[in-house]
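Residue numbers (full-length UniProt numbering): 1 to 213. A virtual CB, placed ideally from N, CA and C, is assigned to each residue, including glycine. Quick caveat, the model's predicted, so the values are computed rather than measured. Contents: one structure, followed by commentary.
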């Protein structure tokens, strides 16, 4: 058992097993067997093999994440011709930044490669389209489905040939997300705000406990 725990969560002491239910461990084992590929929350082969109820699966997965045993990333999947967002769940030691988990070929790979060569890893979306890296339709889809890109409008200087002056125009830019995967949380797994300290300076602990109860 010690060898198995070392493979699943070597960065944590084995005493964490006492904090886990059988369901928690089964989830952890299933995620661990997927190694770097991870487990999905949608599809034919996923975490629903253990827990059918989505709400129950959410809370069990959330607990494993809170005790720092797993990492989750949002990814986009095409199912029956429709783009769906799903969670990719992996052990902490197999976690990789989102950029490194993207396809190694195709339109997304070409856009990522191009942006990595640009200052601030950003470029005007119209330039990306003109270069043929993506189409205008794909550009609109990227803004809704792929999480490694961010989009924002910026003011850029442009020459007005008619008036022979320089004017500022709004242009939409695409850039690689600089958000840290290690510290970020999924949309559905937000933590509660930390509790404020209720310790009173100058008052004994016994007195404070008496006032509380």
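query, result
"Burial state of residue 9, where buried means 16 or more other Cβ atoms lie within 10 Å", "buried"
"Secondary structure of residue 188, DSSP reduced to three states", "In this predicted model, residue 188 has a pLDDT of only 47, less than 50, meaning its place in the structure is not dependable; the value taken from the coordinates is given anyway. Three-state result, residue 188: coil."
"Check whether residue 28 and residue 69 have beta carbons under 8 angstroms apart", "yes"
"Neighbourhood of residue 38 by C-beta, 6 angstroms cutoff - its chain only, sequence neighbours within 5 removed", "88, 89 and 90"
"Cα-Cα separation, residue 55 to residue 46", "15 angstroms"
"Buried or exposed by the 16-neighbour rule on C-beta atoms within 10 Å, applied to residue 149", "buried"
"Of the residues 40, 120, 109 and 129, the one placed nearest residue 85, counting alpha carbons only", "40"
"Residues near residue 17 by beta carbon distance below 6 angstroms, same chain, minus five either side", "none"
"Three-state class that DSSP yields for residue 68 in the structure shown", "coil"
"Residue 3 - DSSP class collapsed to helix/strand/coil", "helix"
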